[in-house]
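Below is one structure; the comments refer to it alone.
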Amino acid sequence: MSARHHSQPLTLDLTLLPDRQIVAAYRIAEPTHALHFPNELGGYRVEAWRPEDGAFRWVTEGDGERVERADGRPFTAVSFVIPIDYRELPKSYAPFSPFSEGSTLIHSGQFHACPAAPCDNPDPLPILVEAVGATIGVGGRRSATRDRFVSRDDGTNIFVGTLEPVEADGFVAVIDTGLPPALRRILDRSLPQAMTYFASVYGPLSFTPELYVSIDDEPEKNGKVSTQGGTLPNQVFMHFDGENARERLAEEDPLWLEWFFAHEAAHLFQQDKAGGLASDNTVAWIHEGGADAMAALAMVQRGSTERSYAQSRLEQAQTACAQGLATSPLNRATAEGNFDLHYQCGLIIWLALDHDLRRNGNANTGLHDLNLAFFAAVRSGQSWSEPLLLQIGGHEGASQSLLKHITRLNDVRYTTGAVEELGQLARISLQSDE
Ligand SMILES: [Zn+2]
3 MSARHHSQPL TLDLTLLPDR QIVAAYRIAE PTHALHFPNE LGGYRVEAWR PEDGAFRWVT
63 EGDGERVERA DGRPFTAVSF VIPIDYRELP KSYAPFSPFS EGSTLIHSGQ FHACPAAPCD
123 NPDPLPILVE AVGATIGVGG RRSATRDRFV SRDDGTNIFV GTLEPVEADG FVAVIDTGLP
183 PALRRILDRS LPQAMTYFAS VYGPLSFTPE LYVSIDDEPE KNGKVSTQGG TLPNQVFMHF
243 DGENARERLA EEDPLWLEWF FAHEAAHLFQ QDKAGGLASD NTVAWIHEGG ADAMAALAMV
303 QRGSTERSYA QSRLEQAQTA CAQGLATSPL NRATAEGNFD LHYQCGLIIW LALDHDLRRN
363 GNANTGLHDL NLAFFAAVRS GQSWSEPLLL QIGGHEGASQ SLLKHITRLN DVRYTTGAVE
423 ELGQLARISL QSDE
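Numbers in this note's numbering are just positions in the sequence shown, counted from 1, shifted up by 2.
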């Protein structure tokens, strides 16, 4: 270990143990009375992060939590033994996504902490990862036994294990060998298709994205089964967990998986071309509905089965959007616990814009031209927002009546009629190549 590592205010060593456990050892440059974590994670750390020294205890603090010595004395080091197990967490990616053959992903963001409160935005955290006999994949490199990096912002997934990546068209994939073969074939075909299609519209990505698909079918103590997918900078990942995960996966509609990967690929292009990942705290219909609409357009190109699937997703989205907006307007959806409305209503809004722009506008590729102009504006420093998007939509030639219907989704008095109008336009967008 270099001296530089230890002169930082806070550092973390993650050491893999042979029995599917990991030691997380924090070192703090200046003595502190507590180490603070920004999010409490629904009791997960209290249960699963066992301090190696029994003098420490966990204490909830606002939305976060802290670890401190029961006797109140200051300390400069604290370490935990943590089982490598998937855990479904509220509004947060799991700290571990194990693969069926024993490799794992570690989400570094769940280890971010602060030597002093308040801890809303922890500083970048230098992490040393050690795993004897394994490969460590982080920051686009793969190293034997140990590697170090600085985890910042939302963090990243660190790969630790022995699975070999597969280099495919424009991305690197690490896929669980337990994946049912039929699904493996779909994955091998559909992700490159999505990447190639988006690259033809938006230009190639400035980075090589990593794709991780993991399965852990060890039954959970609480009997939970779950599927989680997501995106972190340069990474797309999906995890299937709990009893019979493989069987459940084999029964999944393959088109649902194709849509999922096209959606996640769309996020990579949004992120790269706009110069950053939009946060869910911003108006989320733009990035979630936008990714769904990009997925729909990617799929309708592939054939009539895919087109029908995209059309059925649109119908479901319209029903759900209309029902949801009957009680809470779109700009209140997140606050009222109905985040899914951003996908459902967002899909309709974007496809309506797509058709309208292709029909009336000077944007002959519809949604894609609007995206290109919007991403460029965000990249040049304007903020990712609904007013900016609609303003650019207007410049591109979207009709004023359509733009008005979109803003009406934020006003519960007008939503029913507005959803209907948008739905009619959105359906035409998916009917055939105009
Ligand atoms: Zn998404």
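Note that the Cβ used here is the ideal one computed from N, Cα and C, for glycine as well.
- Around the beta carbon of Asp-55, fewer than 16 other beta carbons sit within 10 angstroms, so the residue counts as exposed.
- Of all C-beta pairs linking the stretch 206 to 219 to the stretch 233 to 243, three or more are shorter than 8 Å, placing the two stretches in contact.
- Taking 7 Å as the cut-off, the beta carbon of Leu-349 is found closer than this to the beta carbon of Gly-291.
- Residue Ala-79 holds the alpha-carbon nearest to the alpha-carbon of Ala-26 among Ala-79, Tyr-46 and Thr-62.
- Rounded to the nearest whole angstrom, the CA to CA distance from Leu-37 to Thr-62 is 12 Å.
- Assignment of Asp-65 by DSSP, reduced to helix, strand and coil, places it in the coil class.
- For Asp-356, there is no enclosing beta strand (DSSP E); the residue is part of the alpha helix (DSSP H) that begins and ends at 343 to 362.
- Here Asn-246 is exposed, its C-beta having fewer than 16 other C-beta atoms within 10 Å.
- Ile-288: not part of any beta strand (DSSP E); DSSP gives it neither H nor E.
- The C-alpha of Pro-194 lies about 44 Å from the C-alpha of Pro-117.
- Rounded to the nearest angstrom, the gap between the Cα atoms of Ala-286 and Leu-343 is 9 Å.
- If you draw a straight line from the Cα of Val-48 to the Cα of Phe-151, it comes to about 27 Å.
- For Ala-322, the shortest separation between its Cβ and any heavy atom of ligand 1 does not lie below 6 Å.
- The residue from Gly-172, Ser-99 and Ser-228 with its alpha-carbon nearest to that of Ser-202 is Gly-172.
- In this structure, the CA atom of Ala-400 is about 20 Å from the CA atom of Thr-417.
- Excluding residues up to 5 positions away in sequence, Ala-36, His-38 and Val-61 lie with their Cβ nearer than 6 Å to the Cβ of Arg-68 in the same chain.
- Annotated three-state conformation of Ala-298 is helix, per DSSP.
- Cβ neighbours of Thr-179 within its own chain (closer than 6 Å, five residues either side excluded): Glu-103.
- Not one heavy atom of ligand 1 falls within 6 Å of the beta-carbon of Ala-297.
- At a threshold of 6 Å, Ala-300 does not count as near ligand 1, since its beta carbon sits no closer than that to any of the ligand's heavy atoms.
- A distance of 7 Å or more separates the beta carbons of Asp-413 and Tyr-345.
- For the pair of segments examined, the stretch 157 to 173 was found to touch the stretch 88 to 106: the number of CB pairs separated by less than 8 Å reaches three.
- The shortest CA-to-CA distance from Ile-129 to any of Arg-304, Ile-288 and Thr-13 is the one to Thr-13.
- In this structure, Ala-293 has its CB closer than 6 Å to one or more heavy atoms of ligand 1.
- Leaving aside the five residues that flank Leu-391 on each side, the residues in its chain whose CB is nearer than 8 Å to its CB run, in chain order, Ile-288, Leu-372 and Phe-376.
- Residues of the same chain with a CB within less than 7 Å of the CB of Val-83, apart from the 5 flanking positions on each side, are Gln-23, Val-25, Arg-52 and Glu-54 in chain order.
- Between the stretch 378 to 398 and the stretch 311 to 325, the count of C-beta pairs closer than 8 Å stays below three; the two stretches do not touch.
- The beta carbon of Glu-290 sits closer than 6 Å to at least one heavy atom of ligand 1.
- For Asn-159, no alpha helix (DSSP H) segment is defined; the enclosing uninterrupted segment is the beta strand (DSSP E) at 159 to 163.
- Where Gln-23 is concerned, there is no enclosing alpha helix (DSSP H), although the beta strand (DSSP E) around it starts and stops at 23 to 34.
- Judged by their CB atoms, Gly-157 and Gly-111 are nearer to each other than the 7 Å cut-off.
- Distance from the CA of Arg-186 to the CA of Thr-137, rounded to the nearest whole angstrom, comes to 23 Å.
- If you look at Pro-100, you'll find it in the beta strand (DSSP E) that goes 98 to 100.
- For Cys-116, DSSP records a beta bridge to His-38.
- Taking C-beta atoms as the reference points, Met-197 and Ala-312 fail to come closer than 7 Å.
- Per DSSP, reduced to three states, the secondary structure at Arg-410 is helical.
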